[in-house]
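Presented below is the structure to which this report refers.
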Amino acid sequence: MTDELDIHRATESERIAAYRNVHEVWGGAYGIDEHVSRRLASVQHNRALWYVGCVDGRVVTSLGCFPLQFRIRGETQSGIAIGAVHTVPEFRGRGFAPQLIEWTESDQRQQGVTVSLLYSDIPQEYYERLGYLVCPSWEAKIETAAAFAAARELLQSSPECGFERISRFKKRPTLATLYDNYHASKEILINRDEAYWEFLLAKQPDDEYFLLNDPSGDPAGYVRLRTESERLLVRDFAVAGSDDLNLLLAHVVCNAADRNLPTVGGWLPDLPGQLAFIKLSQRAQEITMLKSLDASLAIDESVREAAQHFVEIDHV
7 MTDELDIHRA TESERIAAYR NVHEVWGGAY GIDEHVSRRL ASVQHNRALW
57 YVGCVDGRVV TSLGCFPLQF RIRGETQSGI AIGAVHTVPE FRGRGFAPQL
107 IEWTESDQRQ QGVTVSLLYS DIPQEYYERL GYLVCPSWEA KIETAAAFAA
157 ARELLQSSPE CGFERISRFK KRPTLATLYD NYHASKEILI NRDEAYWEFL
207 LAKQPDDEYF LLNDPSGDPA GYVRLRTESE RLLVRDFAVA GSDDLNLLLA
257 HVVCNAADRN LPTVGGWLPD LPGQLAFIKL SQRAQEITML KSLDASLAID
307 ESVREAAQHF VEIDHV
(Lines of atoms letter the chains of each structure in order from A; the text may use other names.)
(Lines give C-alpha, C1' and ligand atoms only; values in the text may rest on other atoms or scores of the structure.)
Protein backbone atom coordinates (compact mmCIF):
# COMPACT_ATOMS: atom_id res chain seq x y z
CA MET A 7 0.00 0.00 0.00
CA THR A 8 1.17 3.52 -0.84
CA ASP A 9 0.31 6.85 0.74
CA GLU A 10 0.52 8.62 -2.60
CA LEU A 11 -2.65 10.65 -3.10
CA ASP A 12 -4.27 10.65 -6.54
CA ILE A 13 -6.37 13.83 -6.75
CA HIS A 14 -8.87 14.42 -9.54
CA ARG A 15 -12.44 15.33 -10.36
CA ALA A 16 -14.72 12.59 -9.09
CA THR A 17 -16.37 10.04 -11.30
CA GLU A 18 -20.00 9.21 -10.52
CA SER A 19 -19.00 6.14 -8.50
CA GLU A 20 -16.37 8.15 -6.61
CA ARG A 21 -18.94 10.83 -5.80
CA ILE A 22 -21.18 8.17 -4.29
CA ALA A 23 -18.21 6.79 -2.34
CA ALA A 24 -17.53 10.29 -1.01
CA TYR A 25 -21.17 10.60 0.08
CA ARG A 26 -20.88 7.31 1.94
CA ASN A 27 -17.69 8.47 3.63
CA VAL A 28 -19.20 11.70 4.98
CA HIS A 29 -22.16 9.90 6.57
CA GLU A 30 -20.17 9.64 9.81
CA VAL A 31 -20.18 13.45 10.08
CA TRP A 32 -23.30 14.69 8.26
CA GLY A 33 -25.57 11.66 8.20
CA GLY A 34 -27.75 12.81 11.06
CA ALA A 35 -30.51 10.35 11.92
CA TYR A 36 -30.47 8.74 8.48
CA GLY A 37 -29.01 5.36 7.69
CA ILE A 38 -26.14 5.38 5.24
CA ASP A 39 -28.21 4.30 2.21
CA GLU A 40 -30.89 6.90 2.89
CA HIS A 41 -28.19 9.52 3.45
CA VAL A 42 -26.63 8.74 0.06
CA SER A 43 -30.02 8.77 -1.67
CA ARG A 44 -30.85 12.17 -0.21
CA ARG A 45 -27.54 13.61 -1.35
CA LEU A 46 -28.00 12.23 -4.84
CA ALA A 47 -31.42 13.93 -4.99
CA SER A 48 -30.26 17.20 -3.41
CA VAL A 49 -30.47 20.27 -5.64
CA GLN A 50 -27.62 21.77 -3.65
CA HIS A 51 -25.23 18.83 -3.90
CA ASN A 52 -26.00 18.39 -7.58
CA ARG A 53 -24.76 21.93 -8.25
CA ALA A 54 -21.29 21.05 -7.02
CA LEU A 55 -18.31 19.65 -8.85
CA TRP A 56 -16.86 16.97 -6.60
CA TYR A 57 -13.15 16.39 -6.12
CA VAL A 58 -11.60 13.33 -4.50
CA GLY A 59 -8.24 12.10 -3.36
CA CYS A 60 -7.67 8.36 -3.67
CA VAL A 61 -5.13 5.96 -2.19
CA ASP A 62 -4.84 2.66 -4.06
CA GLY A 63 -8.14 3.43 -5.78
CA ARG A 64 -10.05 4.13 -2.57
CA VAL A 65 -11.67 7.54 -1.99
CA VAL A 66 -10.12 8.80 1.25
CA THR A 67 -10.68 12.55 1.03
CA SER A 68 -13.27 14.63 -0.80
CA LEU A 69 -14.90 18.02 -1.13
CA GLY A 70 -17.62 19.79 -3.07
CA CYS A 71 -16.84 22.83 -5.21
CA PHE A 72 -19.94 24.99 -5.65
CA PRO A 73 -20.02 27.65 -8.40
CA LEU A 74 -20.68 31.23 -7.33
CA GLN A 75 -20.36 34.72 -8.70
CA PHE A 76 -19.18 37.60 -6.57
CA ARG A 77 -19.14 41.33 -7.06
CA ILE A 78 -16.11 42.89 -5.39
CA ARG A 79 -15.80 46.66 -5.46
CA GLY A 80 -18.31 46.71 -8.31
CA GLU A 81 -16.52 44.14 -10.48
CA THR A 82 -17.97 40.70 -11.22
CA GLN A 83 -15.66 37.86 -10.16
CA SER A 84 -16.00 34.17 -10.92
CA GLY A 85 -15.92 32.25 -7.67
CA ILE A 86 -16.40 29.00 -5.83
CA ALA A 87 -17.52 27.90 -2.41
CA ILE A 88 -15.73 24.88 -0.98
CA GLY A 89 -17.80 22.64 1.26
CA ALA A 90 -18.08 19.17 2.77
CA VAL A 91 -14.31 18.81 3.18
CA HIS A 92 -13.79 15.34 4.63
CA THR A 93 -11.06 12.75 5.17
CA VAL A 94 -11.83 9.24 6.40
CA PRO A 95 -10.62 8.80 10.00
CA GLU A 96 -7.74 6.39 9.38
CA PHE A 97 -6.16 8.76 6.84
CA ARG A 98 -6.34 11.95 8.89
CA GLY A 99 -3.23 13.81 9.97
CA ARG A 100 -1.38 13.20 6.70
CA GLY A 101 -2.17 16.53 5.06
CA PHE A 102 -4.54 15.03 2.51
CA ALA A 103 -7.31 17.63 2.86
CA PRO A 104 -4.95 20.61 2.34
CA GLN A 105 -3.54 18.88 -0.75
CA LEU A 106 -7.06 18.36 -2.06
CA ILE A 107 -8.06 21.98 -1.43
CA GLU A 108 -4.94 23.34 -3.12
CA TRP A 109 -5.43 21.02 -6.12
CA THR A 110 -9.06 22.13 -6.41
CA GLU A 111 -8.08 25.79 -6.24
CA SER A 112 -5.46 25.28 -8.94
CA ASP A 113 -7.92 23.46 -11.19
CA GLN A 114 -10.54 26.17 -10.72
CA ARG A 115 -8.00 28.95 -11.23
CA GLN A 116 -7.35 27.50 -14.67
CA GLN A 117 -11.08 27.91 -15.37
CA GLY A 118 -10.88 31.62 -14.56
CA VAL A 119 -12.02 31.48 -10.93
CA THR A 120 -10.60 34.31 -8.82
CA VAL A 121 -12.27 33.95 -5.41
CA SER A 122 -12.79 31.02 -3.04
CA LEU A 123 -15.21 31.03 -0.10
CA LEU A 124 -15.67 28.52 2.68
CA TYR A 125 -17.52 28.32 5.98
CA SER A 126 -15.29 26.75 8.61
CA ASP A 127 -16.65 24.40 11.27
CA ILE A 128 -13.17 23.79 12.71
CA PRO A 129 -10.61 26.16 14.27
CA GLN A 130 -10.04 28.89 11.71
CA GLU A 131 -6.26 28.59 11.95
CA TYR A 132 -6.45 25.43 9.84
CA TYR A 133 -7.71 27.33 6.82
CA GLU A 134 -5.69 30.45 7.58
CA ARG A 135 -2.59 28.34 6.93
CA LEU A 136 -3.99 27.76 3.44
CA GLY A 137 -4.39 31.48 2.81
CA TYR A 138 -8.02 31.98 3.82
CA LEU A 139 -8.96 35.18 5.64
CA VAL A 140 -11.48 35.35 8.48
CA CYS A 141 -14.50 37.61 8.01
CA PRO A 142 -16.92 38.86 10.68
CA SER A 143 -19.42 36.05 11.20
CA TRP A 144 -22.30 37.15 13.41
CA GLU A 145 -25.23 35.16 14.69
CA ALA A 146 -28.28 36.76 16.27
CA LYS A 147 -30.38 35.49 19.12
CA ILE A 148 -33.62 37.21 20.04
CA GLU A 149 -35.70 36.06 22.99
CA THR A 150 -39.25 36.33 21.72
CA ALA A 151 -40.93 37.03 25.06
CA ALA A 152 -38.39 39.68 26.07
CA ALA A 153 -38.51 41.40 22.68
CA PHE A 154 -42.24 41.24 21.99
CA ALA A 155 -43.34 44.45 23.72
CA ALA A 156 -40.65 46.55 22.04
CA ALA A 157 -41.35 44.94 18.67
CA ARG A 158 -45.09 45.56 18.93
CA GLU A 159 -44.51 49.17 19.99
CA LEU A 160 -42.30 49.76 16.95
CA LEU A 161 -44.91 48.28 14.64
CA GLN A 162 -47.68 50.34 16.21
CA SER A 163 -45.66 53.46 15.40
CA SER A 164 -45.66 52.43 11.72
CA PRO A 165 -49.10 50.88 11.22
CA GLU A 166 -49.15 51.66 7.50
CA CYS A 167 -46.32 49.20 6.80
CA GLY A 168 -47.63 45.81 5.75
CA PHE A 169 -46.12 42.34 6.22
CA GLU A 170 -47.48 39.52 4.10
CA ARG A 171 -46.56 35.98 3.22
CA ILE A 172 -45.84 35.65 -0.50
CA SER A 173 -45.28 33.06 -3.19
CA ARG A 174 -41.54 33.00 -3.72
CA PHE A 175 -41.71 32.12 -7.40
CA LYS A 176 -44.31 34.74 -8.33
CA LYS A 177 -42.38 37.45 -6.49
CA ARG A 178 -38.90 36.45 -7.62
CA PRO A 179 -38.29 39.67 -9.63
CA THR A 180 -39.24 41.73 -6.58
CA LEU A 181 -36.97 39.69 -4.32
CA ALA A 182 -34.09 40.01 -6.79
CA THR A 183 -34.50 43.79 -7.06
CA LEU A 184 -34.57 44.21 -3.28
CA TYR A 185 -31.51 41.99 -2.90
CA ASP A 186 -29.51 43.80 -5.58
CA ASN A 187 -30.38 47.25 -4.24
CA TYR A 188 -29.61 46.30 -0.64
CA HIS A 189 -26.18 44.93 -1.49
CA ALA A 190 -25.27 47.34 -4.32
CA SER A 191 -23.07 49.63 -2.22
CA LYS A 192 -21.26 46.85 -0.36
CA GLU A 193 -17.63 45.99 -1.10
CA ILE A 194 -18.53 42.35 -1.71
CA LEU A 195 -21.71 40.46 -2.39
CA ILE A 196 -22.72 37.07 -3.71
CA ASN A 197 -24.12 37.85 -7.13
CA ARG A 198 -27.48 36.18 -7.76
CA ASP A 199 -28.25 35.71 -11.42
CA GLU A 200 -31.52 34.19 -12.64
CA ALA A 201 -30.25 30.60 -12.47
CA TYR A 202 -28.93 31.05 -8.94
CA TRP A 203 -32.23 32.54 -7.80
CA GLU A 204 -34.07 29.55 -9.23
CA PHE A 205 -31.75 27.26 -7.28
CA LEU A 206 -32.22 29.19 -4.03
CA LEU A 207 -36.00 29.16 -4.35
CA ALA A 208 -36.00 25.40 -4.95
CA LYS A 209 -33.65 24.77 -2.03
CA GLN A 210 -35.47 23.63 1.13
CA PRO A 211 -38.96 24.48 -0.20
CA ASP A 212 -40.60 24.45 3.24
CA ASP A 213 -39.07 27.86 3.96
CA GLU A 214 -41.50 30.80 3.99
CA TYR A 215 -41.09 34.22 2.37
CA PHE A 216 -42.60 37.43 3.70
CA LEU A 217 -42.68 40.86 2.07
CA LEU A 218 -42.47 44.15 3.98
CA ASN A 219 -44.41 46.96 2.29
CA ASP A 220 -43.96 50.68 2.92
CA PRO A 221 -46.95 53.03 3.60
CA SER A 222 -47.55 53.47 -0.13
CA GLY A 223 -47.66 49.71 -0.65
CA ASP A 224 -44.28 49.47 -2.37
CA PRO A 225 -41.88 46.66 -1.39
CA ALA A 226 -39.51 47.73 1.39
CA GLY A 227 -37.92 44.38 2.21
CA TYR A 228 -38.27 40.64 2.37
CA VAL A 229 -37.31 37.85 4.74
CA ARG A 230 -37.01 34.09 4.33
CA LEU A 231 -37.92 32.14 7.47
CA ARG A 232 -37.62 28.54 8.61
CA THR A 233 -38.91 26.90 11.78
CA GLU A 234 -36.10 24.82 13.24
CA SER A 235 -35.51 23.39 16.73
CA GLU A 236 -38.04 25.60 18.51
CA ARG A 237 -36.79 28.79 16.90
CA LEU A 238 -37.65 30.93 13.91
CA LEU A 239 -34.58 31.18 11.72
CA VAL A 240 -33.85 34.14 9.44
CA ARG A 241 -32.19 32.59 6.38
CA ASP A 242 -32.24 35.47 3.90
CA PHE A 243 -33.35 39.09 3.89
CA ALA A 244 -32.94 42.43 2.20
CA VAL A 245 -34.39 45.86 2.92
CA ALA A 246 -34.76 49.13 1.04
CA GLY A 247 -33.50 51.36 3.85
CA SER A 248 -31.65 51.09 7.15
CA ASP A 249 -34.78 51.71 9.25
CA ASP A 250 -36.63 49.00 7.37
CA LEU A 251 -34.43 46.28 8.88
CA ASN A 252 -35.68 47.07 12.37
CA LEU A 253 -39.28 47.01 11.12
CA LEU A 254 -38.67 43.73 9.35
CA LEU A 255 -37.18 42.11 12.46
CA ALA A 256 -39.99 43.46 14.64
CA HIS A 257 -42.44 41.68 12.36
CA VAL A 258 -40.36 38.51 12.61
CA VAL A 259 -40.47 38.67 16.42
CA CYS A 260 -44.25 39.04 16.39
CA ASN A 261 -44.49 36.19 13.90
CA ALA A 262 -42.44 34.01 16.26
CA ALA A 263 -44.77 34.96 19.12
CA ASP A 264 -47.79 33.93 17.04
CA ARG A 265 -46.16 30.52 16.53
CA ASN A 266 -45.19 30.20 20.22
CA LEU A 267 -41.53 29.94 19.26
CA PRO A 268 -39.26 31.08 22.10
CA THR A 269 -36.39 32.46 20.02
CA VAL A 270 -35.49 34.04 16.71
CA GLY A 271 -32.05 33.37 15.25
CA GLY A 272 -30.00 33.68 12.10
CA TRP A 273 -27.08 35.44 10.50
CA LEU A 274 -27.35 39.21 10.87
CA PRO A 275 -24.73 41.94 10.40
CA ASP A 276 -23.53 44.15 13.23
CA LEU A 277 -24.99 47.52 12.28
CA PRO A 278 -25.40 50.83 14.14
CA GLY A 279 -28.91 51.56 15.35
CA GLN A 280 -30.03 47.97 15.70
CA LEU A 281 -32.76 47.18 18.18
CA ALA A 282 -31.54 46.53 21.71
CA PHE A 283 -33.20 43.11 21.87
CA ILE A 284 -30.97 41.77 19.07
CA LYS A 285 -28.07 39.97 20.75
CA LEU A 286 -25.16 39.23 18.44
CA SER A 287 -22.26 36.86 18.99
CA GLN A 288 -19.52 35.51 16.75
CA ARG A 289 -20.47 32.15 15.28
CA ALA A 290 -18.51 29.24 16.73
CA GLN A 291 -18.99 27.34 13.47
CA GLU A 292 -19.79 28.26 9.88
CA ILE A 293 -17.15 30.99 10.04
CA THR A 294 -16.96 32.94 6.78
CA MET A 295 -13.51 32.81 5.18
CA LEU A 296 -12.35 34.20 1.82
CA LYS A 297 -9.30 33.69 -0.35
CA SER A 298 -8.18 35.42 -3.53
CA LEU A 299 -7.03 33.04 -6.25
CA ASP A 300 -5.73 35.96 -8.34
CA ALA A 301 -2.62 37.86 -7.27
CA SER A 302 -4.10 41.08 -8.65
CA LEU A 303 -7.29 40.83 -6.57
CA ALA A 304 -6.94 41.97 -2.95
CA ILE A 305 -9.31 40.74 -0.25
CA ASP A 306 -8.69 43.70 2.04
CA GLU A 307 -10.25 44.64 5.37
CA SER A 308 -13.15 46.52 3.79
CA VAL A 309 -14.09 43.47 1.72
CA ARG A 310 -13.84 41.15 4.71
CA GLU A 311 -15.97 43.53 6.80
CA ALA A 312 -18.66 43.64 4.11
CA ALA A 313 -18.82 39.83 4.07
CA GLN A 314 -20.72 40.00 7.37
CA HIS A 315 -23.77 40.66 5.15
CA PHE A 316 -23.64 37.15 3.68
CA VAL A 317 -26.79 35.23 4.63
CA GLU A 318 -27.30 31.67 5.74
CA ILE A 319 -29.23 30.50 2.67
CA ASP A 320 -26.07 30.89 0.55
CA HIS A 321 -24.17 28.52 2.86
CA VAL A 322 -23.04 25.35 1.09
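For what it's worth, the working numbering labels the leading residue of the sequence shown as 7, then goes sequentially. Think of the CB as a built atom: it goes at the ideal place given N, C-alpha and C, for glycine as much as any other residue.
Considering only DSSP beta bridges, list what residue i is partnered with.
| i | result |
| --- | --- |
| R15 | Y57 |
| G70 | W56 and G89 |
| Q288 | W144 |
| Q83 | F76 |
| L297 | Note that residue 297 is Lys in the sequence shown, not Leu. Answer by DSSP bridge pairing, in chain order: S122. |
| V309 | The partner list for V309 (beta bridge, DSSP) is empty, contrary to what the question assumes. |
| V65 | C60 |
Can you give me the start and stop residues for the beta strand (DSSP E) that residue i sits inside?
| i | result |
| --- | --- |
| V229 | P225 to E234 |
| P179 | That residue, P179, is in no beta strand (DSSP E); its alpha helix (DSSP H) goes R178 to H189. |
| D242 | R237 to V245 |
| H315 | First-last for H315: undefined, no H or E at that position. |
| W273 | Premise fails: W273 is in no beta strand (DSSP E) and is neither H nor E. |
| I172 | G168 to I172 |
| L251 | No beta strand (DSSP E) holds L251; the alpha helix (DSSP H) holding it covers S248 to D264. |
| L195 | I194 to N197 |
How long is the line joining the alpha carbons of residue i and residue j, rounded to whole angstroms?
| i | j | result |
| --- | --- | --- |
| E20 | F205 | 25 Å |
| G85 | L123 | 8 Å |
| W203 | V91 | 25 Å |
| R13 | V49 | Per the sequence presented here, residue 13 reads as Ile, with Arg not at that position. So the two alpha carbons sit approximately 25 Å from each other. |
| N197 | V28 | 29 Å |
| D113 | A226 | 42 Å |
| V309 | D62 | 42 Å |
| C1 | Y125 | This structure leaves residue 1 out entirely; the chain is present only between 7 and 322. |
| P104 | G70 | 14 Å |
| R241 | H51 | 19 Å |
| T233 | D213 | 8 Å |
| L238 | E10 | 47 Å |
| P268 | S68 | 38 Å |
| R15 | D199 | 26 Å |
| E236 | A146 | 15 Å |
| L161 | I22 | 50 Å |
| F102 | V58 | 10 Å |
| S248 | Q130 | 31 Å |
| E108 | E81 | 25 Å |
| L231 | H41 | 25 Å |
| D224 | I293 | 35 Å |
| L106 | A151 | 47 Å |
| R98 | S222 | 59 Å |
| L195 | E30 | 33 Å |
| F243 | R53 | 23 Å |
Would residue i be called buried (16 or more neighbouring beta carbons within 10 Å of its own) or exposed?
| i | result |
| --- | --- |
| T3 | Not covered by the structure: residue 3. The range shown for the chain is 7 to 322. |
| S191 | exposed |
| F72 | buried |
| W32 | exposed |
| F175 | exposed |
| Q288 | exposed |
| I5 | The structure shown does not extend to residue 5, since the chain spans only 7 to 322, so no value can be given for it. |
| G271 | buried |
| D320 | buried |
| T17 | exposed |
| Q83 | buried |
| E318 | buried |
| E111 | buried |
At which residues does the alpha helix (DSSP H) containing residue i begin and terminate?
| i | result |
| --- | --- |
| Y215 | Careful: Y215 lies outside any alpha helix (DSSP H), inside the beta strand (DSSP E) at E214 to N219. |
| L46 | I38 to A47 |
| L136 | Segment: none, L136 is in no alpha helix (DSSP H) and carries neither H nor E. |
| I128 | Note, I128: premise wrong, no alpha helix (DSSP H); not H, not E. |
| F9 | In the sequence as presented, Phe is not what sits at residue 9; that position holds Asp. Looking at the DSSP string, D9 is not in any alpha helix (DSSP H), and its letter there is neither H nor E. |
| P104 | F102 to R115 |
| H29 | H29 to W32 |
| L161 | T150 to Q162 |
| E200 | E200 to A208 |
**Study point:** Stretch pair the segment 288–299 + the segment 134–141: three plus CB contacts closer than 8 Å
**Key:** With the cut-off at 8 Å, the segment 288–299 and the segment 134–141 touch.
Review point. Does the count of Cβ pairs from the segment 302–319 and the segment 139–149 closer than 8 Å reach three?
Key: yes
Review point. Given 8 Å as the limit, is there contact between the segment 279–290 and the segment 249–263, that is, 3 or more CB pairs closer than that?
Key: yes
Point to revise | Segment contact flag, the segment 255–273 with the segment 156–173, C-beta cutoff 8 Å, min 3 pairs | key: yes
Review point. Three or more C-beta pairs closer than 8 Å, one from the segment 32–45 and one from the segment 269–281: is that the case here?
Key: no
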